[in-house]
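What follows is a set of notes on a single structure, which appears directly below.
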Amino acid sequence: MSKFQFQHPKNRELLGGDLVAQSLAQLGVDLLFGLHGGHLDQFLVGCASIGIRLIDTRHETCAVQAAEAYTKLSGKIGACFVTANSGFCNALPGIATANADRSPIFVITSSPPLRDAETNCLQGFHDQVVLAKPITKFAHRVTNVEEIPRIVSYALRVALSGIPGPVVVDFPIDVLFGPPRLDALALGNLTSELTLPPSPNPASLERLVELWSAAKRPVIITGTGAGRTTDGENLLLRLAETTSTPIFFSGKFASPAAIPHEHPLRGGPATKLAFLKPLGQQRPDFVLLLGARTGFLLGGRSGGIIPHPPECKTAQVDIDGGEIGKSTSIELGIVSDATEFVRAFLRLLNEKSLQWPSSTNNPWIQICSGLKNVVHQQYAGDDKVNREDGMLHPYHAINDVYTALSHLHPVIIIDGGEAGVWAMDAWESAQPYAGMNSTGYLGFLGNGYGYSLGAALAFPDRLIVNIHGDGSAGFHIAELDTYARHGLRILTVVMNNYKWGMSIAGQDIIYGNDDPARPVSSLSPVCKFETVAEGFGNIGVRIEKPEEIASKVKGIVESMGTAGKTAGLINLLVSTKPVTNATKGMVGKPPKGQEEDVIVVPYYDNVPRTYTRQELEKKGWTKSNGVA
Numbered sequence: 196m197s198k199f200q201f202q203h204p205k206n207r208e209l210l211g212g213d214l215v216a217q218s219l220a221q222l223g224v225d226l227l228f229g230l231h232g233g234h235l236d237q238f239l240v241g242c243a244s245i246g247i248r249l250i251d252t253r254h255e256t257c258a259v260q261a262a263e264a265y266t267k268l269s270g271k272i273g274a275c276f277v278t279a280n281s282g283f284c285n286a287l288p289g290i291a292t293a294n295a296d297r298s299p300i301f302v303i304t305s306s307p308p309l310r311d312a313e314t315n316c317l318q319g320f321h322d323q324v325v326l327a328k329p330i331t332k333f334a335h336r337v338t339n340v341e342e343i344p345r346i347v348s349y350a351l352r353v354a355l356s357g358i359p360g361p362v363v364v365d366f367p368i369d370v371l372f373g374p375p376r377l378d379a380l381a382l383g384n385l386t387s388e389l390t391l392p393p394s395p396n397p398a399s400l401e402r403l404v405e406l407w408s409a410a411k412r413p414v415i416i417t418g419t420g421a422g423r424t425t426d427g428e429n430l431l432l433r434l435a436e437t438t439s440t441p442i443f444f445s446g447k448f449a450s451p452a453a454i455p456h457e458h459p460l461r462g463g464p465a466t467k468l469a470f471l472k473p474l475g476q477q478r479p480d481f482v483l484l485l486g487a488r489t490g491f492l493l494g495g496r497s498g499g500i501i502p503h504p505p506e507c508k509t510a511q512v513d514i515d516g517g518e519i520g521k522s523t524s525i526e527l528g529i530v531s532d533a534t535e536f537v538r539a540f541l542r543l544l545n546e547k548s549l550q551w552p553s554s555t556n557n558p559w560i561q562i563c564s565g566l567k568n569v570v571h572q573q574y575a576g577d578d579k580v581n582r583e584d585g586m587l588h589p590y591h592a593i594n595d596v597y598t599a600l601s602h603l604h605p606v607i608i609i610d611g612g613e614a615g616v617w618a619m620d621a622w623e624s625a626q627p628y629a630g631m632n633s634t635g636y637l638g639f640l641g642n643g644y645g646y647s648l649g650a651a652l653a654f655p656d657r658l659i660v661n662i663h664g665d666g667s668a669g670f671h672i673a674e675l676d677t678y679a680r681h682g683l684r685i686l687t688v689v690m691n692n693y694k695w696g697m698s699i700a701g702q703d704i705i706y707g708n709d710d711p712a713r714p715v716s717s718l719s720p721v722c723k724f725e726t727v728a729e730g731f732g733n734i735g736v737r738i739e740k741p742e743e744i745a746s747k748v749k750g751i752v753e754s755m756g757t758a759g760k761t762a763g764l765i766n767l768l769v770s771t772k773p774v775t776n777a778t779k780g781m782v783g784k785p786p787k788g789q790e791e792d793v794i795v796v797p798y799y800d801n802v803p804r805t806y807t808r809q810e811l812e813k814k815g816w817t818k819s820n821g822v823a
């Protein structure tokens, strides 16, 4: 246990806000995202006095999401501040996203003086702790200034331990502005080291060796839980090479530089595994899920990405035992931190001196490596300009943008629905250092702005590419001002088709030409995103022709950092056609002959009817009395 003493500010007394700031600094926090409010003034002054960097945003949701991206990509503690009630309510979407994604972030807020409870005072209507509890691991209001260090330490340890997640601590304004009794300070475990993550059970590792060594077509699929530390990322490469196993990443998160792009064991996005069956190729007979959850991002119920048994045996490593086998049959579950698992498993393999199949001229490895180009091959014969509307083919457009950026190995943040899928399909062309798909389990649009902000602070020397559709681009576009004010090198790319692309595509699939109405799925063709960007101090560029892409992308990147402008935006005009494979898969028509047995719905597997049409007709129901 190290010695620690609070520093007295120069020319003023030590106050509660100083205790919060210095407690966070003691625990490793050196950066905070947030939006100012008078309730927090004493805390913010305390941060400035000890050198904690403050990055102020234009919306509280983006501050929370920036903290989330920062902790995911850097492995450091993500923390943010939002003011009382109004600011806190704006932060709730970000907290909900972090909770769904199991992101360990520390959210600081404030509230009116304790004595003003139930007086209808300013910014004191809602009980913030009550609102936060369902979507956090821990939510608490500090009522005694001397207890600040203990609660700060406790809350952060809760966020990081076990199943990680967000915590919210409410420091009322009188607690932040009040002087503590120094002889009564409660430090708790503020000076203790953070606990180590859990390791796997040795017996489960032995069983895993049996399953893996018997497989002929193994794959590893990594998720957010597999790449929070540099150590973990280096170990992933060793794991893949030791076992000669191709490694894919889930649609949510790609670990920074885990597997080099030219490496034969790099498979790319796990969604590409869904192409094996249509291509007539054999599918995996063993899958290791490493910090990756089952669900819609890995094919859901369909088995399109992870084949169902007995075709495939699946082992799942997750820090949350409740996630193991949640929506897919699992042969072996291992509760462990992903990095600790890989370290322990590699030790065991070294002790056993097992001989794994060589990766040289291995047909399975060649098949998996080839999946990186499968979408490109699908659209290779398409014109780069859609003949119907004269706009850019969405895949070719974003692929060409990526190709022009590939030498920079940028960090890619993907937002949007249809645009997000196109951006993920072309992913490997960018040769990204790392990346995130920001919509997540909530299907949340607009997250990309905050995530890009956090990424820029996690990797200040890399170009951050913030991909949007014109729908998602509208949610938090004022953050372009944040990028400019803080001198951040973020390139926003808006794939603009004047539509809520995934919505209109789904409506077309379900309704066809029978119902020409397309409710609220169109956006404005006159919106000039490049002009908006310039108004916020970014460089703005509009691209309408395929031959413009390479030169204009090169030009804007070279201009970012000159004339006082570090951030830029490309308004990339694309067609609504073709529709992505993902949308067609999520809103698919049933197989021929089964049309009357299911209800077709967007985004999910088609729902079986309680009664088929034939069964209803047998009961005497006909079109005239209610059966369509």
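For the sequence shown, our numbering gives the first residue as 196, with consecutive numbering after it. In this text, a Cβ means the ideal position worked out from N, Cα and C, and glycines have one as well. In this text the structure is predicted, and so the values were computed from the model without any measurement.
Rounded distance between the beta-carbons of residue j and residue i, thought under 8 Å
i           : j           : result
residue 242 : residue 227 : 6 Å
residue 566 : residue 470 : 6 Å
residue 444 : residue 465 : 6 Å
residue 687 : residue 600 : Between residue 600 and residue 687 the Cβ distance is about 13 Å, and since that is not below 8 Å, they are no contact.
residue 590 : residue 621 : 6 Å
residue 370 : residue 211 : 5 Å
residue 298 : residue 235 : Not confirmed; about 22 Å, so no contact.
residue 795 : residue 803 : About 11 Å; that fails the 8 Å criterion.
residue 332 : residue 354 : 6 Å
residue 307 : residue 279 : 7 Å
residue 431 : residue 442 : 7 Å
residue 265 : residue 637 : No, residue 265 and residue 637 are not in contact; Cβ-Cβ is about 19 Å, not under 8 Å.
residue 716 : residue 699 : 4 Å
Length of the line joining the Cα atoms of residue i and residue j
i           : j           : result
residue 312 : residue 319 : 7 Å
residue 548 : residue 300 : 41 Å
residue 198 : residue 630 : 39 Å
residue 701 : residue 767 : 22 Å
residue 551 : residue 506 : 21 Å
residue 457 : residue 572 : 18 Å
residue 647 : residue 659 : 7 Å
residue 684 : residue 315 : 44 Å
residue 756 : residue 734 : 10 Å
residue 336 : residue 391 : 28 Å
residue 524 : residue 511 : 10 Å
residue 753 : residue 454 : 28 Å
residue 345 : residue 204 : 21 Å
residue 474 : residue 219 : 53 Å
residue 562 : residue 498 : 19 Å
residue 728 : residue 722 : 11 Å
residue 618 : residue 379 : 55 Å
residue 529 : residue 395 : 6 Å
residue 216 : residue 642 : 27 Å
residue 639 : residue 613 : 13 Å
residue 281 : residue 233 : 12 Å
residue 553 : residue 560 : 10 Å
residue 277 : residue 760 : 28 Å
residue 569 : residue 467 : 8 Å
Residues that DSSP places opposite residue i in a beta bridge
i           : result
residue 734 : 763
residue 335 : 364
residue 508 : 481
residue 717 : 694
residue 640 : The partner list for residue 640 (beta bridge, DSSP) is empty, contrary to what the question assumes.
residue 235 : Answer by DSSP bridge pairing: none, since residue 235 is not bridged.
residue 629 : 606
residue 528 : 511
Indicate whether the contact test is met: 3 or more Cβ pairs, each with one atom in the region 684 to 697 and one in the region 659 to 669, closer than 8 Å. yes
Three-pair Cβ contact test at 8 Å for the region 330 to 349 versus the region 394 to 408: no
In chain order, which alpha helix (DSSP H) runs of at least 4 residues are fully inside the region 546 to 609? 558 to 565, 569 to 574, 589 to 600
Write down every uninterrupted run of the alpha helix (DSSP H) in the region 259 to 308 whose length is 4 residues or greater and which is fully enclosed by it, in chain order. 281 to 295
Is it the case that the region 528 to 545 contacts the region 483 to 497, given that we only count it when at least three CB pairs across the two stretches are under 8 Å? yes
Three or more C-beta pairs below 8 Å linking the region 617 to 634 and the region 593 to 609: yes
Do the region 232 to 250 and the region 286 to 297 touch if we need at least three Cβ pairs shorter than 8 Å? no
Counting Cβ pairs closer than 8 Å, one from the region 589 to 600 and one from the region 636 to 656, do we hit at least three? no
Check whether the region 363 to 375 touches the region 321 to 329, counting contact only when three or more Cβ pairs, one atom from each stretch, lie closer than 8 Å. yes
Touch check for the region 379 to 387 and the region 259 to 267: three-plus C-beta pairs under 8 Å? no
What residue ranges within the region 403 to 442 form continuous alpha helix (DSSP H) runs of no fewer than 4 residues, ordered along the chain? 425 to 438
Hey, which unbroken runs of the beta strand (DSSP E) at 3 residues or more fall wholly within the region 638 to 680? 659 to 664
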